[in-house]
Amino acid sequence: MDNDLLLELVNLSKGYEHPAGRVEVLKGVSLQLNSGDRVAITGPSGSGKSTLLNLIGCLDRPDAGEIFYRQNSLSDFSQTALDEFRLRRISIVFQTHHLLPQCTALENVLLPTLPIGGETAATVDRAEELLTMAGLHERRNHFPGELSGGECQRIAVCRALINSPELLLADEPTGALDHHTALELLDLIDQLTDNSMALLMVTHSLEAAARMKCRFELTEGLLREK
Ligand SMILES: Nc1ncnc2c1ncn2[C@@H]1O[C@H](COP(=O)(O)OP(=O)(O)O)[C@@H](O)[C@H]1O
Ligand SMILES: [Mg+2]
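Residue numbers for the sequence shown follow the working numbering, beginning at 3 and rising by one.
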């Protein structure tokens, strides 16, 4: 048994009911991810990339197949274990930053700490450290409406990492950014993720995918290594 095996997807299937009939989106997706792995998933629009990340992030459930985290099936997790998994072990960055407009940059980064003890000197230090690495320490008391799209997305990355997850999921994190700003965001993700973390990034950008060690393409409901 591989101790570094963090995440294992086994034969995941997922479809949706539409008025015009059922659409099978994932038709048996399998994948293994170790600590420190950096994996890109590309694929045409509508191929099911977000569907797949939503299953891993427990935002939705597969119709069939299983997701194992450190060799334990998520379907066997108690509600407490599932909450712990979602709050501490994994984190998701989306295409849009979803920052709370009424909270400052620093308060946004601290949000995921609220359900697990909230603001302490240590979490504030960590949030400030992340914002410093993102080049945004001087903007920590600014509101999202006072910041650019790229800056907000960098804050969203800091927020995703505040609880030190073991797996960072990113769904087209650069999709709404211009080329230069997208490269800055990818550099930041590189800088803030280390060997103790796995990164699974869905991207349209072949340039972004090329920076990752492993690349898969999702087509016709199946994941194929590239
Ligand atoms: N909640 C949903 N209800 C019905 N159909 C959905 C839902 N989410 C996604 N789909 C459909 O599943 C397919 C894959 O969508 P998605 O996972 O968003 O693809 P991608 O992220 O690769 O663009 C699309 O045909 C989409 O319309
Ligand atoms: Mg998508």
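For glycine and all other residues, C-beta sits at the position ideal for the given N, C-alpha and C.
Please read these numbers as outputs of a predicted model, since none were measured by experiment.
Residue i CB to nearest heavy atom of ligand 1 below 8 Å
i: Val95; result: no
Residues that DSSP places opposite residue i in a beta bridge
i: Thr2; result: Missing from the structure shown is residue 2; the chain here goes from 3 to 228 and no further.
i: His20; result: Gly23
i: Asn36; result: Leu7
i: Val126; result: The partner list for Val126 (beta bridge, DSSP) is empty, contrary to what the question assumes.
i: Val159; result: Note: Val159 sits in no beta bridge, so no partner.
i: Asp173; result: Val204
i: Arg90; result: Arg90 pairs with nothing; no bridge assigned.
i: Lys29; result: Ser15
i: Ile69; result: Leu11
Buried versus exposed call for residue i [16 or more other C-beta atoms within 10 Å across all chains shown]
i: Thr221; result: exposed
i: Gln81; result: exposed
i: Ser207; result: buried
i: Leu102; result: exposed
i: Thr44; result: buried
i: Arg128; result: buried
i: Lys16; result: buried
i: Val25; result: exposed
i: Met3; result: Residue confidence for Met3 is low, a pLDDT of 44 falling below 50, so the modelled location carries little weight; the figure read from the coordinates is stated next. When all chains shown are included, Met3 counts as exposed.
i: Ala42; result: buried
i: Glu153; result: buried
i: Ala124; result: exposed
i: His20; result: exposed
i: Ala66; result: exposed
i: Asn110; result: buried
i: Leu11; result: buried
Residue i: CB within 8 Å of a non-hydrogen atom of ligand 2
i: Val159; result: no
i: Glu174; result: yes
i: Val204; result: yes
CB-CB length for residue i against residue j, believed under 8 Å
i: Tyr71; j: Arg91; result: 7 Å
i: Leu169; j: Met203; result: Not quite, the Cβ-Cβ distance comes to about 11 Å (not below 8 Å), so this is no contact.
i: Leu54; j: Leu28; result: 6 Å
i: Leu171; j: Ile58; result: 6 Å
i: Leu35; j: Leu61; result: At roughly 18 Å, the Cβ-Cβ gap does not stay under 8 Å, so Leu35 and Leu61 are not in contact.
Proximity test, residue i beta-carbon vs ligand 4 heavy atom, cut-off 8 Å
i: Ala211; result: As presented, the structure is devoid of ligand 4, carrying ligand 1 and ligand 2 as its sole ligands.
Next item on the list: For ligand 1, list every residue whose C-beta falls under 6 Å from any of its heavy atoms, going in chain order.
Entry: Tyr18, Val25, Val27, Gly45, Ser47, Gly48, Ser49, Gly50, Lys51, Ser52 and Thr53
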